[in-house]
Amino acid sequence: MVDVVGLGCCCFDLLGVVPHMPGPDEEIRMLETRQQGGGEVATALVTLARLGCSVACAGKVGDDAFGNFIRRELDQYGVDTRHLLVEPGALSQASVVLVDRANGQRSILACVPTYSELQASQLPTQLIEQAGVLHLDGVHRSAALESAGLARHAGVPVVLDADVLALEGDISELLRRTDTVIASLAFAGSFAKTEDVDRAIDHLLDYGPSVAVVTLGERGCRGQAEGRRFHHPAFPVEVVDTTGAGDVFHGAFIYGMLQQWEPGKTVEFASAVAAIKCTRLGGRTGIPDLQQALRFLRERNSRYFQTDGPEGGHP
Ligand SMILES: Nc1ncnc2c1ncn2[C@@H]1O[C@H](COP(=O)(O)OP(=O)(O)O)[C@@H](O)[C@H]1O
Ligand SMILES: [Mg+2]
34 MVDVVGLGCC
44 CFDLLGVVPH
54 MPGPDEEIRM
64 LETRQQGGGE
74 VATALVTLAR
84 LGCSVACAGK
94 VGDDAFGNFI
104 RRELDQYGVD
114 TRHLLVEPGA
124 LSQASVVLVD
134 RANGQRSILA
144 CVPTYSELQA
154 SQLPTQLIEQ
164 AGVLHLDGVH
174 RSAALESAGL
184 ARHAGVPVVL
194 DADVLALEGD
204 ISELLRRTDT
214 VIASLAFAGS
224 FAKTEDVDRA
234 IDHLLDYGPS
244 VAVVTLGERG
254 CRGQAEGRRF
264 HHPAFPVEVV
274 DTTGAGDVFH
284 GAFIYGMLQQ
294 WEPGKTVEFA
304 SAVAAIKCTR
314 LGGRTGIPDL
324 QQALRFLRER
334 NSRYFQTDGP
344 EGGHP
């Protein structure tokens with residue numbers, strides 16, 4: 034049994050800080066580089082592992098150097114990778130991420146993996162049915178749909194990271210099998226065909242999830258849970274790189290769900306963990322452990338996290 038099973042994107046990131054984004058025909062020197070794993074679901078699982086949860090990752094990599102790297106790094110974080118299948122002869126998913134030194138904004142060049150989609154028959158059925166939460170990002174679509182159906186049938190909450198990659202194809206059926214959808218602004222706007230965040234939240238809720246959140250980068254997030262609309266600003270921090278902020282937000286949000294925290298506390302915790310991540314280069318380097326996250330929240334005078342304790346104080 035594990036706290037969270039994730040099925041989705043597991044990729045390799047080559048990150049470089051640049052003095053400015055290169056123009057056509059321009060060659061520039063990167064100021065700092067890092068190689069690490071990425072992907073919506075994979076980085077959310079790493080966040081949960083850092084916070085002390087047991088997690089398992091289902092998905093695919095190729096048997097290339099990137100695939101080996103991705104697996105090994107997940108293993109090092111304590112993620113169970115027995116269901117991360119290796120496809121012989123296939124190329125793994127890899128990205129080049131350029132981070133602008135001036136403001137931490139990034140440009141991503143993603144290459145398309147050549148492995149076939151994970152089949153529903155390859156899912157760790159029992160693990161999913163006994164998990165605390167199932168986390169999806171829309172990758173391996175038919176297996177994702179099947180796993181969401183299995184989870185719901187077993188009473189396991191389904192969380193969906195709806196980001197622009199998930200835009201490919203129709204995700205309405207997946208949304209119908211989702212309990213908590215946390216979408217990026219780019220996805221929500223384009224899916225709901227509106228620039229109005231509240232209308233986008235309504236549109237997501239129309240498909241049936243009980244919780245819908247739209248993350249707004251440095252403007253924080255806005256959403257609805259338990260029938261109430263909320264907004265949470267981003268914590269001001271010295272931003273180095275926002276890569277993976279959304280992925281980490283999802284992981285920390287799921288942590289709050291597992292603790293059965295009220296929505297306000299969960300959103301505050303997720304915002305804090307994501308903000309701390311932004312202070313370091315790469316999607317994973319800056320992910321705090323639970324004590325670091327709680328210390329940050331106390332320093333910021335969070336009303337939910339004023340006392341010590343395994344859960345950070347009052348429910
Ligand atoms: N510059 C920032 N400063 C502090 N927190 C941030 C910053 N950017 C993102 N975050 C936090 O991370 C969350 C997710 O970031 P966002 O950029 O919206 O997601 P994604 O990485 O999927 O595009 C935000 O809601 C916010 O809480
Ligand atoms: Mg995202």
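Numbering (the numbering used here), first residue to last: 34 to 348.
A virtual CB, placed ideally from N, CA and C, is assigned to each residue, including glycine.
Distance CB(T318)-CB(V272) smaller than 8 angstroms: Here the question's residue 318 lines up with position 285 in the sequence shown. Here the question's residue 272 lines up with position 239 in the sequence shown. No, these two residues do not count as a Cβ contact at 8 angstroms.
Skipping 5 residues on each side, what residues in its chain have a beta carbon closer than 8 angstroms to that of E228? In the sequence shown, counting from the first residue as 1, residue 228 sits at position 195. Exclusion of the five residues before and after E228 leaves G222 as the residues of its chain whose Cβ lies within less than 8 angstroms of its Cβ.
Does the region 282 to 294 come into contact with the region 98 to 108, if we say contact requires no fewer than three beta-carbon pairs (one atom in each stretch) closer than 8 angstroms? No: the two stretches stay apart, fewer than three of their Cβ pairs being nearer than 8 angstroms.
With a threshold of 7 angstroms (Cβ to nearest heavy atom), would P304 be considered close to ligand 2? Residue 304 sits at position 271 when you count from the first residue of the sequence shown. With the sequence shown as reference, residue 304 is identified as Ser, and Pro is not the correct amino acid for it. No - ligand 2 has no heavy atom lying nearer than 7 angstroms to the Cβ of S304.
By Cβ distance below 6 angstroms, which residues in the same chain neighbour G345 in space, the five residues on each side in sequence not counted? Residue mapping note: residue 345 aligns to position 312 of the sequence shown, counting from 1. Residue confidence for G345 is low, a pLDDT of 48 falling below 50, so the modelled location carries little weight and cannot support an answer.
Below 8 angstroms on the Cβ atoms is my guess for V51 versus L131; work out the distance and round it to an integer in Å. Position 18 of the sequence shown, counted from the first residue, corresponds to residue 51. Position 98 of the sequence shown, counted from the first residue, corresponds to residue 131. Confirmed, Cβ separation roughly 5 angstroms.
Just reading off the alpha helix (DSSP H) that S217 is part of, what are its end residues? Position 184 of the sequence shown, counting from 1, holds the residue named residue 217. Run containing S217: none in the alpha helix (DSSP H); it sits in the beta strand (DSSP E), 213 to 217.
Cβ pair count under 8 angstroms reaching 3, the region 226 to 242 against the region 199 to 218: Counting Cβ pairs under 8 angstroms, three or more are found: they touch.
Leaving out five residues before and five after E179 in sequence, what residues of the same chain have Cβ atoms less than 6 angstroms from its Cβ? Here residue 179 refers to the residue found at position 146 when the sequence shown is read from its first residue. Taken in chain order, the residues that qualify are A153.
Alpha carbon to alpha carbon, what distance is there between G72 and D170? Walking along the sequence shown from the start, residue 170 turns up at place 137. Walking along the sequence shown from the start, residue 72 turns up at place 39. Taking the straight line from one Cα to the other gives about 9 angstroms.
If you reduce the DSSP assignment to three classes, tell me which class S87 lands in. As a first step, residue 87 is located in the sequence shown; it is residue number 54 there, counting from the start. DSSP places S87 in coil when its eight states are reduced to three.
For R67, the three-state DSSP class (helix, strand or coil): Locating residue 67 in the sequence shown gives position 34, where the first residue counts as 1. Strand, per DSSP.
Check whether the Cβ of S223 lies closer than 7 angstroms to any heavy atom of ligand 1, and answer yes or no. If you number the sequence shown from 1, residue 223 lands on position 190. Answer for S223: no, Cβ out of range of ligand 1.
Taking a contact to mean a Cβ-Cβ separation below 8 angstroms, would you say F282 touches I215 in this structure? Numbered from its first residue, the sequence shown carries residue 282 at position 249. Numbered from its first residue, the sequence shown carries residue 215 at position 182. Yes; because the gap between Cβ atoms is below 8 angstroms, this pair is in contact.
Quick one: measure Cβ to Cβ for E120 and G95, integer angstroms, because I've assumed they're closer than 8 angstroms. On the sequence shown, position 87 is the one that residue 120 refers to. On the sequence shown, position 62 is the one that residue 95 refers to. Their Cβ separation, rounded to whole angstroms, is 6 angstroms, which keeps E120 and G95 in contact under 8 angstroms.
What does the alpha-carbon distance come out to for the pair G284 and L314? Position 251 of the sequence shown, counted from the start, is the residue given in the question as residue 284. Position 281 of the sequence shown, counted from the start, is the residue given in the question as residue 314. Computed Cα separation, rounded: 18 angstroms.
Since I believe D274 is in contact with R139 (beta carbons under 8 angstroms), could you give me their beta-carbon distance rounded to a whole number of angstroms? What you label residue 139 is simply residue 106 of the sequence shown in a count that begins at 1. What you label residue 274 is simply residue 241 of the sequence shown in a count that begins at 1. Confirmed, Cβ separation roughly 7 angstroms.
How many Å lie between G260 and V191 at the Cα? Sequence index remark: in the sequence shown, residue 260 carries index 227 (1-based). Sequence index remark: in the sequence shown, residue 191 carries index 158 (1-based). One C-alpha to the other measures close to 18 angstroms.
Tell me whether E251 counts as near ligand 2, meaning its Cβ is closer than 7 angstroms to at least one heavy atom of that ligand. Translated into positions along the sequence shown, residue 251 becomes position 218. No, Cβ of E251 sits at least 7 angstroms from all heavy atoms of ligand 2.
If you reduce the DSSP assignment to three classes, tell me which class G345 lands in. If you number the sequence shown from 1, residue 345 lands on position 312. Any answer about G345 is weak, because its pLDDT of 48 lies below 50 and its placement is not dependable; what the coordinates show is given next. Reduced to three states, the DSSP call for G345 is coil.
Let me make sure I understand the geometry here. Which of R174, Q159, L160 has the alpha-carbon closest to that of L151? On the sequence shown, position 118 is the one that residue 151 refers to. It is R174.
Locate the alpha helix (DSSP H) running through T299, then write down its first and last residues. Position 266 of the sequence shown, counted from the first residue, corresponds to residue 299. If you look at T299, you'll find it in the alpha helix (DSSP H) that goes 296 to 310.
Between the CA atoms of D280 and I309 - distance to the nearest angstrom: To locate residue 309, count along the sequence shown from 1; it is residue 276. To locate residue 280, count along the sequence shown from 1; it is residue 247. Spanning the two alpha carbons is a distance of roughly 13 angstroms.
Is D196 near ligand 1, judged by its Cβ being under 7 angstroms from some heavy atom? As a first step, residue 196 is located in the sequence shown; it is residue number 163 there, counting from the start. Under cutoff, so the answer is yes.
Does the Cβ-Cβ distance between C86 and C43 come in under 8 angstroms? As a working note, residue 86 is residue 53 in the sequence shown. As a working note, residue 43 is residue 10 in the sequence shown. Going by C-beta atoms, C86 is not nearer than 8 angstroms to C43.
Counterpart residues of V130 in DSSP-defined beta bridges: Counting from one through the sequence shown, the residue named residue 130 turns up at place 97. In DSSP, V130 forms a bridge with L48, I141.
Do you know how far the Cα of K226 is from the Cα of P348? The residue labelled residue 348 in the question sits at position 315 within the sequence shown. The residue labelled residue 226 in the question sits at position 193 within the sequence shown. Only weak support exists for where P348 lies, its pLDDT of 40 falling under 50; the coordinates are left without a value.
Give every residue of the same chain whose Cβ lies closer than 6 angstroms to the Cβ of V79, excluding the five residues on either side of it in the sequence, and list them in chain order. As a first step, residue 79 is located in the sequence shown; it is residue number 46 there, counting from the start. Hits under 6 angstroms: Y110, R317.
Going by the C-beta, is A135 closer than 7 angstroms to any heavy atom of ligand 1? Looking up residue 135 in the sequence shown gives position 102. A135: no, Cβ never under 7 angstroms from ligand 1.
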